[in-house]
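Asks: Before anything else, here's the structure in question.
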Amino acid sequence: MKEPKKSSITCPFCEEGVLKNTKCPRCGRIFLMCDECESLYRDGKSLEEELPSTECPFCGTAID
Ligand SMILES: [Zn+2]
Ligand SMILES: [Zn+2]
């Protein structure tokens, strides 16, 4: 199994988009958002967790 290259993780949900680092405007923590389907992931090690796609995974703030 290959290590994913840093900063270019393919979205495991749509398998097309790339996960981009996104900073929460409220808590300032970095999470990953797919640039195609807008799925959210906490980090590169939590790609199997299903998270609400509209909330920061850390503080729950709504994300536009
Ligand atoms: Zn995606
Ligand atoms: Zn947050």
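For the sequence shown, numbering that gives the first Met the number 0 gives the first residue as 0, with consecutive numbering after it.
Heads up, the beta-carbon is just placed ideally off N, CA and C, and yes, glycines get one too.
Please read these numbers as outputs of a predicted model, since none were measured by experiment.
Could you say which of P56, E14, E15 and D63 lies nearest to L31 if we only look at CA atoms?
Replies: By one-based count along the sequence shown, residue 31 stands at place 32. Measuring from the Cα of L31, the nearest candidate turns out to be P56.
Asks: What residues match up with C36 in a beta bridge as DSSP calls it?
Replies: For the purposes of this step, residue 36 is taken as residue 37 along the sequence shown, with counting starting at 1. Paired residue(s): none; C36 is not in a bridge.
Asks: Under a criterion of Cβ closer than 5 Å to any non-hydrogen atom of ligand 2, which residues qualify, in chain order?
Replies: C23, R25, C26, C55, F57, C58 and T60
Asks: Using 10 angstroms around the beta-carbon of S7, count the other beta-carbons present and answer buried if the total reaches 16, otherwise exposed.
Replies: Start at 1 with the first residue of the sequence shown, and residue 7 comes out as number 8. Classification of S7: exposed, given that the 10 Å Cβ count is below 16.
Asks: For G16, is the beta carbon positioned less than 8 Å from some heavy atom of ligand 1?
Replies: Here residue 16 refers to the residue found at position 17 when the sequence shown is read from its first residue. The answer is yes for G16.
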